[in-house]
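Residue numbers (my numbering): 50 to 881.
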Amino acid sequence: MTQESYRSKRNVADVPVLATAHTCTGCAACANICPTSAISMRLNADGFYNSLIEEELCIRCNKCAKVCPILQDGPEQEAPPAAPLAYSAWSLDAAVREQSSSGGMFTELARHILQSGGIVAGVALDEELHARHVLVRDEQSLASLRGAKYTQSFLDHKIFREIAQELKKKTPVLFTGTACQTAGLQSYLGRNDPNLILCDVICHGVPSIHLLDRYKSHREQMAGKKLEHIAFRHKERDGWQHSHVKLTYEDGSTQTVNPADDVYMQAFLNDLCLNETCHNCQFNDFPHCSDLTLGDFWGLEHLHPTWDLRQGASLVLVHTDKGKELLGQLKDRIFLSREPLDEALFDNVSFLRSWPEPRGRQAMLDELSCRLPLPELVRKRMDSLLPRYDVGIVGLWYSCNYGAILNGYATMAALNEMGYSAVLIDTAPLSGSRSKMLRYTDTLTVFRQFAKRWLHTTPPIAHPRDLERLNEMVDVFASGSDQVWNIGYNEGQQHIDDYSLLRFANPEKKRIAIASSFGHANDIRNPQQMRRAKSMLQCYDAVSVREDSGLDILQNQYGIQGRHILDPVFLCSRKKYDAISLLAPIQRTEQEYLVSYLLDPSEDKKAVLHGVQEARDWQQVHMLDAQFDFDSKKRQMNLPGIEENLTVEQFVHNIAHSRYVVTDSFHGACFAIIYRKDFICIANAERGAGRFLSLFKQLGLENRLVSSVDDVAAKQLLETSIDYQRVHATIARLRQESLDWLLHVLREPPLPHVRESKDRLAREVKKERSVFTLLYRVKRMSAVYQLAKSLWEVRRKIRQAEPAERHALGRREWVLKQQLKTFMPFFRKRQA
C-alpha cells in the first residue's frame, strides 16, 4: 500500500501516546508493529533509545500503544504461579567457559539452536562499539555475541519482523536480551510460539550510550590509537570473581584495567549513568516473561566451598516446560546442579528489585557534553552517590514480625507501582530495650534476609544526626502503617515517638501519614506526650489512618481531619506477593492443608484449631510469631506441624496454597483475604481489636471474627464459604479510593498554612538538647557490651572449631562486627 493511501486512512484522533522518555525501555515493539514505519528508535538527550513518532506517517491505528509492554497490565492470576527451577551450570568445553563472562551457558544454548537449523538473536558490538541486536545463523559468528555488554543495545524496526517470519517457517529461534526486551518481543508476537526460546539476562540496568562514547574517546586519547573492542568481563588474569576490563586497540595491543580503577565501570556500578526506567524496572519480578534467565551465580562458593569456580559459573532459572526441555537436551555439554531458589537469588537481588537512583545521576548525564575530562567528571559525581528517593517511610517493618515487614514491603511496592521511588528508614538501633536492639539488627534473622532481597532500606540509624541527614536524600517523609503511633511499643522513650511523628524532617519537606495506627481505640499517651504529639501532627500535610478509631482520635484529641484508607497490604498488586511466595524453601503446591498463624497461643485458640481439624481431616501447618520467645510459644502450642525458622517467603506461600486459615493476627487475616481463603479470625484484644473490626466491617466479614470454639459452630463458619467475588469487588473500590488519595497528596505541593507549624517546630528542635535520654544511652552501651562479649565468644569457638564449622561461625562473627559498628558511631567513623 502506498504512503498516500495510508495517509488517507488517518482519522482526526490524536497521535497514540506511548511510554514517556522516563519510562520507555527502548524495546522497539512499537517500531516493529507500526504498519507505516512511522516510529523510529532515537537516542534521547541522556543517551538512551526512545521511540519517536512521525505524525505525517501515523495513521492512528494505535497498534503501537497496544503492544507496548510498559502500558499493558497483565491479568491478575487466580492461582499463584509456579516457582522457577534454579541451577548452577557451566559449559564442559573449557575454551568456551574461559572466553565467556560467566559459565558459557549462552554459547551452549546458541550452539544447540544453530545445530538444530535455527537462528540466534543476540547482542554484538559494532565498529563504533555500540551494542546492536543481530541475527546469527552459523557458529562462526557466535563469538561476537559472547560476553557481557554493559550498554543499551539497539533494536531496529525490522528485527522482530524477521523473527516472526522465521517462526512462520517453523525455524527454531533463540532470542537473548534484557527482560524488557524479551517482554517487547513476546508482546509483539502476541503468542507463545513453540519454536521460540526467550532467554533474558539478570540486569543491573543499562548505562548511557553518551557515556560509552565519552569513554571510548577518553581511552583513545590516553592510548593515542583507536579502540577496537571492549571486553567488560575478562577473566584470564584473576579469574571469574575478579574479572577485569580488557581493551583491544587497532594495532593489536591490549590493556587490562581493574574495574575499581576504570571510570566507565565506576559510573556503571555506582548507578550514575543508568536509564531512568531502570531505577523502577517493571520486569525484574515473577512471573517472568522468559523461558530461561541467565546470570552469574554470585555466592555459589558459599553453597559449594570445594568447587573450583575460577573459570566462572552461570545461574540458570527455568521458568517454563519449554526451557526445561531445552536444558535437558544439553546434558552432555554442560555441568548442571539443582540449587535452592532462595539461595540462588540471595546475591542476585537485581533479579528481584531495582537499584535506587543517586542524586548525582541526572547532573552526570547532563554534563557528559561538557569539556570536563571524563575521570574528573565521574570523580566529581562520585561525591554525590547519596541515593535519591521520592518518599521515605518510617515504620515498624524491622520488628521481626511477619505482618509488620510485609506491611512495610507493601507500602514501598504500592508507591513503586505508582511511579514513586521509596525507601524504608531503618531505625532498628533506636528501638528501645537491649534485647530489641540486638534482635532487630541481627542480619542473620529471616527478616533481615528478606529485607536484603526485597526492600530498599537506609543504613541502620543509631543517632539523631543520621535522621537529620535523611533530609538530603528524601523529598517526602511518611509515617507508615501498622501500629507506628502506638506509644506502648516505645517503652516510655520519647525519642521513638518523635521519629515516628517525623520530628526530624526539615520544614520544607512534605509530611504525610499512610494508613497509620494508634493501636488502640483511645490514644494512651499522657497529657504531656499528647501536647508534644499534637505539635508534630499539626505539621503533617495529609494524614490517613487504617481504623475508624484512628479518625476519632485525630479529630477529638488532636483537632485534625484524617482519611480512612486500606492497610497497605491491599494497595499493591497480588503478583508482588506471588513473587515472594516463589522463594519459599518448601513449595506446597500439591498439598491440602490447614494453616494457622497465632501470635499469642492459648488453650482457647488451640480448641478452635482442634474443632476445625476434627471437621476437616487436613494436614496441619502451624506458624508462630518469631519476634521473641518462639520456644516458649512452641511449648505452649505443643502441636505437630509447627514450622521453625520460618522465612517471610514461606509465610506468604503457606497461606497462598492453603485450604483454610485460622489466625489471631490482623495481617494473617489480610493475607487469607488476599488469597481468597476461607478463614477464622480469633479476636486478639491484647494487640488491638479495633483494626479487625474496622476492616471486617468494611468488607462485610464480621462473622469471621470469633472468641471461642462455640462461636465457630454457632456461626457455621466451616459450612459456609466467603463470597470473595463480592469481597474483592469492595476491596477493588476501596483500593482505588486509597490510591487516588495517596496520589493526590503526593502530587500536591506542601500546604502553606502547615509551613507555619513546621517552622515553629523547627525552632523548638533547634533549641532543645538531644532527646536521647540517659536511659537510651545506658541501653545502647549495654548492647555494645553484650555484642563485644558475644564476639569474643565466637572468636574463641572459631579457634577451636573444625574446618566444616568455621564458615557458619565466620558469618556470625561478621554480623556481630557489623552490629558493633552500628551502635558505635565513633568506631564506624574511624574505620571510614
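Here a beta-carbon is modelled for each residue, glycine too, at the ideal position from N, C-alpha and C.
Distance from Ser743 to Asp524 at the Cβ level is roughly 31 Å; contact not present, criterion being Cβ atoms closer than 8 Å. For Arg282, there is no enclosing alpha helix (DSSP H); the residue is found in the beta strand (DSSP E) stretching over 276–283. From the listed residues Pro650, Lys207, Cys83, Ser89, the smallest Cα separation to Cys113 is found for Cys83.
Looking at the DSSP output, Met579 shares a beta bridge with no other residue. Shown here, Cys719 sits in a helix according to DSSP, grouped into three states. Inter-segment contact for the segment 132–139 and the segment 175–183 is absent: fewer than three beta-carbon pairs are separated by less than 8 Å. Counting along the chain, Ile383 sits inside the beta strand (DSSP E) bounded by residues 383–388. Take Pro478, set aside five residues on each side of it, and the residues of its chain with a beta-carbon closer than 7 Å to its own are Met486, Thr490, Pro509, Ile510, Ala511, Thr871, Phe872, in chain order. Under the three-state reduction of DSSP output, Lys559 falls in the strand class. Annotated three-state conformation of Ile731 is strand, per DSSP. Under the three-state reduction of DSSP output, Arg483 falls in the helix class. For Glu406, the three-state secondary structure derived from DSSP is strand. Using a Cβ-Cβ distance cut-off of 8 Å, the segment 664–674 and the segment 100–117 are not in contact, since fewer than three pairs of beta carbons, one from each stretch, lie closer than that value.
DSSP places Ala77 outside any alpha helix (DSSP H), giving it a letter other than H or E. If the five residues before and after Leu352 are omitted, its C-beta is found closer than 7 Å to the C-beta atoms of Glu388, Glu392, all from its own chain and listed in chain order. Of the residues Ser418, Lys218, Thr85, the one whose Cα lies closest to the Cα of Ala94 is Ser418. Residue range 652–664 is occupied by the alpha helix (DSSP H) that includes Gly660. Beyond the five residues adjoining it in sequence on each side, Thr492 comes within less than 6 Å, by CB distance, of Val864 in the same chain, given in chain order.
Put simply, of Ala459, Val803, Ala781, Asp300 the residue whose alpha carbon is nearest the alpha carbon of Val618 is Ala459.
A residue is called buried when at least 16 other Cβ atoms come within 10 angstroms of its Cβ; Thr769 does not meet this threshold and is exposed. Less than 9 Å separates the beta-carbon of Ser363 from that of Ala138. Annotation: the continuous alpha helix (DSSP H) that includes Ile602 extends over 597–607. Take Ile208, set aside five residues on each side of it, and the residues of its chain with a beta-carbon closer than 6 Å to its own are His182, in chain order. Cβ-Cβ separation between His702 and Ala633: approximately 3 Å, consistent with a contact (criterion under 8 Å). Our two residues, Val661 and Phe332, have alpha carbons roughly 41 Å apart in a direct line.
In the DSSP assignment, Phe224 falls within the beta strand (DSSP E) that extends over 222–226.
In this structure, Val472 sits near Thr507, with a CB-CB distance shorter than 9 Å. For Val472, the secondary structure class from DSSP, reduced to helix, strand or coil, is strand.
Bridge pairing for His613: Val594 [DSSP]. The C-alpha of Val814 lies about 13 Å from the C-alpha of Leu550. If the five residues before and after Gly226 are omitted, its C-beta is found closer than 6 Å to no C-beta atom of its own chain.
Excluding its 5 nearest sequence neighbours in each direction, Glu466 has C-beta neighbours in its own chain below 7 Å: Cys621, Ser622, listed in chain order.
If you compare the alpha carbons of Ala80, Ser484, Gln270 with that of Met830, the shortest gap goes to Ser484.
Contact between Ala732 and Ser756 is confirmed by a C-beta separation of about 5 Å, below the 8 Å threshold. Judged by DSSP in its simplified three-state form, Lys265 adopts helix. In the DSSP assignment, Asn99 falls within the unbroken beta strand (DSSP E) covering 98–102.
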